[in-house]
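Q: Residue numbers (the numbering used here): 334 to 527.
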């Protein structure tokens, strides 16, 4: 790998181990085996590097989410069984990527004070929604339509809430069956009131 790739790998390692706010330029340089000056040369700033590392790591985590959905799709043809299996499978993704999930929440809290970070999250949000819509339907991609964006926003909201619950108290995070039961209850009360 070259210095740029080494810096990216070191920054991702720091995100997982130290989080967004506690990672210093020196931490990244040490983790990557590259000089401090190389950060400025290749990325302009530590923040720009961390933002790029965050976006890349989220993409890698998206691949892990896709694998969970694919496995759930092979488990059953029943959409309810697949839905519950996906949420159960996400527990393993949360364990594997715990540091990144925590770093994302930390970075979101910093975004109000870091316009470049807010912009990076905003740019990634629509793409992320379409990606989640595809992942949860078990297809490689979906068209960029209002319907798919709405579907992705729904899953994005569920995923963020699940992650927050899991980070706070993993033993209390809902199971796939809990999600399915909640979906039924909410759907009945919203779509079939009375």
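We treat Cβ as the ideally placed atom computed from N, Cα and C, and that holds for glycine.
1) Is it buried or exposed, residue 536, if we count other Cβ atoms within 10 angstroms and call 16 or more buried?
2) Decide if residue 492 is buried, meaning its Cβ has at least 16 other Cβ atoms within 10 Å, or exposed.
3) Please specify which runs of the alpha helix (DSSP H), each continuous and at least 4 residues long, are wholly inside the segment 376-451, giving them in chain order.
4) Near residue 477, what residues of its chain come up, given a Cβ to Cβ distance below 7 Å and the 5 sequence neighbours on each side ignored?
5) Using 8 Å as the Cβ pair cut-off and three pairs as the minimum, do the segment 357-368 and the segment 398-405 touch?
6) Whole angstroms are fine: how far does the CA of residue 468 sit from the CA of residue 353?
7) Please report the Cβ distance between residue 495 and residue 506, rounded to the nearest whole angstrom; I am assuming they are in contact, meaning their Cβ atoms lie under 8 Å.
8) Could you check whether residue 441 and residue 387 sit closer than 8 Å to each other, using their CB atoms as the reference points?
9) Would you call the CB atoms of residue 455 and residue 380 closer than 8 Å?
10) Give the secondary structure of residue 336 by DSSP, where H, G and I count as helix, E and B as strand, and everything else as coil.
11) Say yes only if the C-beta of residue 368 is nearer than 7 Å to one or more non-hydrogen atoms of the ligand ATP, and no if none qualify.
12) Is DSSP giving residue 475 helix, strand or coil here?
13) At which residues does the alpha helix (DSSP H) containing residue 523 begin and terminate?
14) In angstroms, rounded to a whole number, what distance separates the CA positions of residue 412 and residue 367?
15) The alpha helix (DSSP H) with residue 504 in it runs from where to where?
16) Ordered along the chain, which non-local residues of its own chain (more than five positions away) have a Cβ less than 8 Å from that of residue 443?
17) Is the beta carbon of residue 397 closer than 8 Å to that of residue 545?
18) Using alpha carbons as the reference points, say which of 461, 527, 414, 481 lies closest to residue 514.
19) By the 10 Å Cβ neighbour count, where 16 or more other Cβ atoms means buried, how is residue 422 classified, buried or exposed?
A: Once the coordinates are examined:
1) Past the edges of the chain, shown from 334 to 527, lies residue 536, and the structure says nothing about it.
2) Burial state of residue 492 is buried, judged by a 10 Å Cβ sphere holding 16 or more other Cβ atoms.
3) With a minimum length of 4 residues, the continuous alpha helix (DSSP H) runs that stay inside the segment 376-451 are 379-408, 412-429, 431-443.
4) Result list for residue 477: 463, in chain order.
5) No, the segment 357-368 does not touch the segment 398-405.
6) CA-to-CA, the gap between residue 353 and residue 468 works out to about 26 Å.
7) Confirmed, Cβ separation roughly 6 Å.
8) Not closer than 8 Å, so no.
9) Contact: no.
10) Note: residue 336 maps to helix in three-state DSSP.
11) Absence of the ligand ATP is noted for the structure shown, with no ligands found whatsoever.
12) The answer is coil: DSSP assigns residue 475 none of H, G, I, E or B.
13) Note, residue 523: alpha helix (DSSP H), 509-524.
14) Spanning the two alpha carbons is a distance of roughly 49 Å.
15) Neither: residue 504 is in no alpha helix (DSSP H) and is coded neither H nor E.
16) Only residues of its own chain outside the window of five on either side were considered, and among them 353, 354, 450 have a CB closer than 8 Å to the CB of residue 443, listed in chain order.
17) No statement about residue 545 is possible, as the shown extent of the chain runs from 334 to 527 and does not include it.
18) Looking from the CA of residue 514, the closest CA among 461, 527, 414, 481 belongs to 414.
19) Looking at its Cβ environment, which holds 16 or more other Cβ atoms inside 10 Å, residue 422 is buried.
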